[in-house]
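The sequence shown begins at 48 in this note's numbering and counts up one residue at a time.
Note that beta-carbon positions come from the ideal geometry of N, C-alpha and C, so glycine has one too.
What you are looking at is a predicted structure, and each value in this text was computed from that prediction instead of being measured.
Here's the structure, in C-alpha cells; my notes come after.
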Amino acid sequence: MSRIETPVTRLLGIDLPIVQAGMSWASSCAELPIAVSNAGGLGVIAAGPMRLPDLARTIEQVREGTDRPFAVNLPLYRRGAEEVMDLLAQMDIPVLIASQGGPRRYLSRFKDLGTLCLHVVAGEEHARKALDAGVDGLIVVGGEAGGHPPAALVSTLVMVRAVARFAPGTPIIASGGLADGAGLAAALALGAGAAQFGTRFLASTESSLHPAYKAAVVSAGVGDTLTVGRDLGVIRVLANDFAARMAELEHGGADVDKRRAHFASTSLRAAALEGDVAAGKVEVGQSAGLIDSILPAAEIVRRLVAEYADTVNGLPPVQEP
C-alpha cells in the first residue's frame with residue numbers, strides 16, 4: 048500500500064493523509080468508513096442522525112470490517128449528545144471528531160480513555176480555544192465546504208493558512224473545496240497534514256445516499272451551490288426549489304420567523320434518503336463541480352494518491368540564477 052507520511056498520519060496511525068468527512072446519512076453506515084480505512088485513509092461514521100442502537104451496531108460492523116483506525120463524528124448540538132458520548136466512551140472508539148460545540152464538554156473523559164480527539168473549527172478564534180482546551184488536532188473548514196461552512200465564508204485557502212501560521216506544529220486537516228489529488232497537494236502546501244474529502248465521497252458507491260442525490264452531485268457545476276440560512280445556521284446546498292425560495296426570502300428582507308418556517312419545511316433526510324432533490328436540502332460543497340463520476344471509495348483513494356503524485360512531480364523546481 049502507498050504511504051504519504053505527515054504529522055496527521057503519524058498521529059492517527061493511517062497510511063495516507065486522506066480523511067473521509069462524517070456526513071449525515073451518507074456515512075451513517077459501515078460500508079463507506081470500512082472502505083476508506085481499508086484503503087489507507089481515515090473512515091468516519093456520521094453519528095449525527097443515528098439512533099443509539101444503530102450507531103452501536105455500525106461501530107461493531109466497522110470493527111469487524113477493518114483493523115485500521117476509524118473515527119466517529121458527533122455534532123454536539125444534536126439531541127441526546129450526552130447519551131451518544133456515553134455510548135462512544137463505552138465502545139472505546141479510537142478517534143472522536145466533534146463539531147458544532149465546545150471541546151471542554153467532552154475532552155477529559157475521552158482523553159482519559161486514550162481516544163484521539165479532533166475538533167472541527169471554522170474560524171481562528173474557535174481554533175485557538177480548541178487548542179487551548181487540549182484537542183489533539185483540528186479539522187479546519189473553509190467557505191467552499193458543503194453542510195456547515197463558516198458564516199463569514201472565508202476560503203479554505205486562507206483559513207487553513209491562517210491557522211497553520213498561528214499554530215505551527217499543530218496537526219491540521221484541511222476541509223472544503225477539495226476533490227482530487229491536486230487539492231490534497233494544496234492542503235499539505237498550506238501547512239495541513241491531511242485533507243478531508245466530503246462531497247467527493249458523497250459520490251461513492253458505498254455512501255448511503257439516494258441515487259438521485261448522487262446524480263445531482265455528479266451533474267453539478269462549480270457555481271451551482273449557494274449558502275442559505277442566515278441567522279438560522281448557514282448551510283451550503285445545491286441550487287434547487289428549496290434554496291431558491293430561501294434565497295428569495297433572505298434577499299427580500301423577510302422576517303426571521305418566515306425564513307425559519309421555510310428553512311424547517313424540509314430536511315437533509317428528504318433529499319438524502321427519499322431522493323427529493325428538488326425540495327430537500329441537498330448539502331454539497333463547491334467541489335461538486337470537480338466530480339464527474341460515482342466510484343468505489345477505494346478507487347477514489349487510489350486516484351487521490353495518483354493525482355497527488357502527478358501534481359507534486361509536475362511542480363516546477365526553483366532555478367538558481
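Could you tell me the boundaries of the alpha helix (DSSP H) in which S266 lies?
P258 to S266 is the span of the alpha helix (DSSP H), which, as asked, contains S266.
8 angstroms Cβ shell around L342 - same chain, five flanking residues per side excluded
Its chain contains A250, S251, T252 and R350 as the residues whose beta carbon lies nearer than 8 angstroms to that of L342, once the 5 sequence neighbours on both sides are disregarded; these appear in chain order.
Among the candidates L143, M48, L285 and M206, whose CA atom is the shortest distance from the CA of I92?
Residue L143 is the option with its Cα nearest to I92.
Give the DSSP bridge partners of L163, in chain order.
Note: L163 sits in a beta bridge opposite V142.
Roughly how many angstroms lie between the CA atoms of V170 and T203, to the nearest whole one?
It is worth fixing the name first, because residue 170 is Gly in this sequence and not Val. About 10 angstroms.
Which complete beta strand (DSSP E) runs does the stretch 315-351 hold, if anything under 3 residues is left out?
Counting only runs of 3 or more, we get nothing.
Buried versus exposed, by CB contacts within 10 Å (16 or more), V331
Classification for V331: buried.
Suppose you measure from the CA of H166 to the CA of A221; what does that come to, to the nearest Å?
H166 and A221 have their alpha carbons spaced roughly 12 angstroms apart.
Same chain only: Cβ atoms within 8 angstroms of A294, ignoring 5 sequence neighbours per side:
Cβ neighbours of A294 beyond the five flanking positions: L273 and V275.
Count the other CB atoms within 10 Å of the CB of Y260; is the residue buried (16 or more) or exposed (fewer)?
A residue is called buried once 16 or more other Cβ atoms fall within 10 Å of its Cβ, and Y260 is buried on that count.
CB contact flag (I65, L337, <9 angstroms)
The answer is no: Cβ separation not under 9 angstroms.
Looking at S74 and L63, is the spacing between their C-beta atoms short of 9 angstroms?
With contacts defined by Cβ atoms closer than 9 angstroms, L63 and S74 do not form a contacting pair.
Does the pairing of the stretch 80-92 with the stretch 115-123 give three or more beta-carbon distances under 8 angstroms?
Segments in contact, yes.
Per DSSP, what kind of secondary structure is S251 in: helix, strand or coil?
DSSP, read as helix, strand or coil, puts S251 in strand.
Give a yes or no on contact between the stretch 201-220 and the stretch 168-183, applying the rule of three or more CB pairs nearer than 8 angstroms.
Cβ pair count under 8 angstroms is three or more, so yes.
Output the boundary residues of the alpha helix (DSSP H) element that contains N85.
Boundaries of the alpha helix (DSSP H) around N85: E78 to N85.
In the DSSP assignment, what residue or residues form a beta bridge with G149?
DSSP lists no beta-bridge partner residue for G149.
V269 to D339 span [Cα, whole Å]
Here the alpha carbon of V269 sits roughly 12 angstroms from the alpha carbon of D339.
Using 8 angstroms for Cβ pairs, my map puts I140 next to I106. What's the rounded Cβ distance?
That belief holds up - the Cβ atoms of I140 and I106 are roughly 7 angstroms apart, short of 8 angstroms.
Of the listed residues G228, P100 and L279, nearest to N360 (C-alpha basis):
For the residues G228, P100 and L279, the minimum Cα distance to N360 belongs to G228.
Proximity test, V109 beta-carbon vs the ligand MG heavy atom, cut-off 8 angstroms:
As far as ligands go, the structure on display features none, and thus does not contain the ligand MG.
For S222, name the three-state secondary structure that DSSP assigns.
If DSSP states are grouped into helix, strand and coil, S222 belongs with the strands.
Give the straight-line distance between the Cα atoms of L315 and E346, rounded to the nearest whole angstrom.
Taking the Cα positions, L315 is about 27 angstroms away from E346.
Can you pull the DSSP bridge partners for F289?
Answer is none; F289 lacks a bridge partner.
Close Cβ partners of V265 (< 7 angstroms) along its chain, the five nearest in sequence each way excluded
The residues are A250, I338, D339, S340 and I341.
Assuming T188 and C164 form a contact by the criterion Cβ under 8 angstroms, report the distance between their Cβ atoms to the nearest whole angstrom.
The question names Thr, but residue 188 is Val in the sequence shown. Between V188 and C164 a beta carbon distance of about 17 angstroms is seen, past the 8 angstroms cut, so the two are scored as non-contacting.
Under 7 angstroms Cβ to Cβ from G148, same chain only, skipping five residues before and after it: list those, please.
Taken in chain order, the residues that qualify are L123 and Y124.
The stretch 320-335 / the stretch 188-197 touching (three or more Cβ pairs under 8 angstroms)
Touching, yes.
Alpha carbon to alpha carbon, how far is E111 from E78? Give it in angstroms, no decimals.
Here the C-alpha atom of E78 lies approximately 11 angstroms from the C-alpha atom of E111.
Would L256 pass as a contact of A242 if the rule is Cβ separation under 9 angstroms?
No, Cβ-Cβ distance for L256 and A242 is not below 9 angstroms.
For D271 and A286, believed in contact at Cβ under 8 angstroms, the rounded distance
About 5 angstroms separates the beta carbons of A286 and D271, which is inside the 8 angstroms limit, making them a contact pair.
Among V109, E354 and E52, the one whose alpha carbon lies nearest that of P80
Of V109, E354 and E52, the residue nearest in Cα terms is V109.
Within the continuous alpha helix (DSSP H) that includes I106, where are the two ends?
Residue range L99 to G112 is occupied by the alpha helix (DSSP H) that includes I106.
Suppose you measure from the CA of V210 to the CA of L237; what does that come to, to the nearest Å?
Each residue's Cα considered, the two are about 10 angstroms apart.
Unbroken alpha helix (DSSP H) run spanning T313, endpoints:
Counting along the chain, T313 sits inside no alpha helix (DSSP H), nor does DSSP assign it H or E at all.
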